[in-house]
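Using this note's numbering, the first residue of the sequence shown is number 18, and each one after it goes up by one. Where is the CB? At the ideal position from N, CA and C, for every residue including glycine. None of these values were measured; they are calculated from a predicted model. Notes follow the structure.
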Amino acid sequence: AASATAVGKVADAVVIGTKLIQLLESGPTSQSLPAVESFMREIRLALDAT
18 AASATAVGKV ADAVVIGTKL IQLLESGPTS QSLPAVESFM REIRLALDAT
């Protein structure tokens, strides 16, 4: 989230696709989807704070 916050201050977009794929591939759906949700919430809150 720190990197996204820094980039969000000077850019119109933040690319986070690789991290999402890593989270989705990290385990069964029952574990990976909550991890993705948590990651996205963290990024959204960080970007909203910029």
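**Q.** The alpha helix (DSSP H) enclosing residue 38, as first and last residue numbers
**A.** 34–42
*Is the CB-CB distance between residue 31 and residue 21 below 7 Å?*
yes
Item to check | Endpoints, alpha helix (DSSP H) assigned at residue 51 | outcome: 46–65
* Residue closest to residue 33, alpha-carbon to alpha-carbon, out of 66, 53 and 65 -> 53
Mapping the DSSP letters down to three states, classify residue 23 as helix, strand or coil.
helix
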